[in-house]
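S.K.: Shown below is the structure under consideration.
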Amino acid sequence: MPSNTRCQPLIEITNQRKSRHDIFEWQGGAIVARYNAWEGPVNVSNAEGLPQSTVTNIIRRAKQDKSVENRPRSGRPKKANKRDERAILRCIRLKPKMTYQELVQEVGLTLSRQTYRQILQDSKIAY
Numbered sequence: 001m002p003s004n005t006r007c008q009p010l011i012e013i014t015n016q017r018k019s020r021h022d023i024f025e026w027q028g029g030a031i032v033a034r035y036n037a038w039e040g041p042v043n044v045s046n047a048e049g050l051p052q053s054t055v056t057n058i059i060r061r062a063k064q065d066k067s068v069e070n071r072p073r074s075g076r077p078k079k080a081n082k083r084d085e086r087a088i089l090r091c092i093r094l095k096p097k098m099t100y101q102e103l104v105q106e107v108g109l110t111l112s113r114q115t116y117r118q119i120l121q122d123s124k125i126a127y
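Take a look at the structure:
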């Protein structure tokens, strides 16, 4: 194989499926509008670049609930909000050698050691 050839994607990158995440309301509206214009779920799926099951679920939800809003997720909410996380990260960046007890005193949040550790780990900071 010549060394100057490049690997080619199996399909065009623009046609690849998007990663799964909550859709925006305008996307749901566009899907329902296409469906109401007599486009089938398969055609809507191909046009929007979403899995057919997602399109079908959005259409079903629009018919049942008369809405395409994302539903609240189940599970326990996080103890620390984004502001708390930024405060923790700011303290660690200013004093990287700070101990756990000093960090708790400095930040003033009553979070478990595991929560502090998880916040730092999510931010790619080894502590």
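Per UniProt numbering, residue 1 is the first one in the sequence shown, and the count goes up by one each step.
Virtual Cβ for every residue (Gly too), placed ideally from N, Cα, C.
(1) Identify which residue in Arg90, Gly108 and Ile23 has its Cα closest to the Cα of Ser123.
(2) Please state whether DSSP places Glu48 in a helix, a strand or coil.
(3) For Ser45 and Gln52, what's the separation of their Cα atoms in angstroms?
(4) To the nearest whole angstrom, what separates the beta carbons of Gly28 and Val68, a pair I think is in contact under 8 Å?
(5) Do you know whose CA, among Ile23, Ala47 and Arg83, lies nearest Arg34's CA?
(6) For the putative contact between residue 136 and Leu111, defined by C-beta atoms under 8 Å, what is the C-beta separation to the nearest angstrom?
(7) Helix, strand or coil for Val104 per DSSP?
(8) Tell me whether Asp65 sits in a helix, a strand or coil according to DSSP, three-state version.
(9) For Ile58 and Arg76, what's the separation of their Cα atoms in angstroms?
(10) Leaving aside the five residues before and after Ala30 along the sequence, list all residues of the same chain whose C-beta is less than 8 Å from its C-beta, in chain order.
(11) How about Ile88 and Ile119: are their beta carbons less than 7 Å apart?
M.R.: According to the data block:
(1) Arg90
(2) helix
(3) 5 Å
(4) 3 Å
(5) Ala47
(6) Residue 136 is absent from the structure shown; the chain starts at 1 and stops at 127.
(7) helix
(8) helix
(9) 25 Å
(10) Glu48
(11) yes
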